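Written below as structure tokens is the structure these notes are about.
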Amino acid sequence: MTTGFSLFIVGWSIVLVSLMFIGGFFMFRKFLKSMPKQDGKSDLDWQDYYIDQTRSRWTDEGLELLNELVSPVPQLFRDVARRTIAAKIGQLALEEKAETISTELIVKGYIVATPKRDHKWLIAHLESKQIDYTPYKQYLHTEA
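With the sequence shown counted from 1, adding 1 to any position gets you the numbering used here.
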């Protein structure tokens with residue numbers, strides 16, 4: 002066996018092990034979200050609950066705005082992001098006893114559901130869509 006071939010095998014082994022670790026990390030995160038909490042429901046169960054309870058309150062314009070807001074998310078993660086944000090918006094709508102899901106609720110839910118590390122890009126995206134987010138600045142976490 003030549004040295005070049007041996008290095009190729011070692012390199013390929015490192016790549017495969019690295020990819021398996023990355024995949025395992027994301028699978029473990031999904032597993033943790035599906036674990037029941039003290040109330041007996043998992044995060045994913047609560048997401049489904051909020052989406053089901055508020056499905057009839059969404060307007061076509063609201064769904065269109067939600068799709069526009071998640072458009073910068075990479076295609077691979079877009080469906081998960083859409084469900085997570087829609088669930089947070091549904092939770093806020095139920096807490097506020099809203100009859101319909103308004104633009105204000107969508108923007109607030111979008112900001113609250115977005116991870117803090119992504120708020121810089123969230124602000125840039127809201128500004129590019131010319132959406133006023135000033136009433137919700139207390140929910141934003143950016144380094145000024």
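Ideal placement from N, C-alpha and C gives every residue a C-beta, glycine not left out.
As the structure is a prediction and not an experimental result, all values here were calculated from the model.
So, under 8 angstroms CB-CB, residue i and residue j are touching, yes? Tell me the CB distance rounded to an integer number of Å.
i	j	result
I102	I90	6 angstroms
D66	T104	In the sequence under discussion, the amino acid at residue 66 is Leu, which differs from the Asp named in the question. About 6 angstroms separates the two Cβ atoms, so the contact holds.
L45	S35	5 angstroms
H120	P73	That belief does not hold up - the Cβ atoms of H120 and P73 are roughly 13 angstroms apart, past 8 angstroms.
Once you ignore the five residues that flank residue i on each side, which residues in its own chain have a CB closer than 8 angstroms to its CB?
i	result
L106	I90, L93, A94, E97 and A99
M21	none
K38	D44
K42	Y50
Short of 7 angstroms in beta carbon distance, which residues of its chain neighbour residue i, apart from the five on each side in sequence? Order them along the chain.
i	result
Q48	R84, T85 and A88
K130	E69
So is residue i buried or exposed if we call it buried at 16+ other beta carbons inside 10 Å?
i	result
H142	exposed
T135	exposed
W123	Position check: residue 123 holds Leu in this sequence, whereas Trp was assumed. By the 10 Å Cβ count, L123 comes out buried.
A82	buried
T3	exposed
T60	exposed
In its own chain, which residues sit with a C-beta less than 6 angstroms from the C-beta of residue i, not counting the 5 before and 5 after it?
i	result
Y137	K109 and I112
R118	none
F78	none
* Asked: At which residue ranges does the stretch 48 to 116 contain complete alpha helix (DSSP H) runs of 4 or more residues, listed in the order of the chain?
  -> Listed in chain order, the complete alpha helix (DSSP H) runs (minimum 4 residues) inside the stretch 48 to 116 are 61 to 70, 76 to 97 and 104 to 114.
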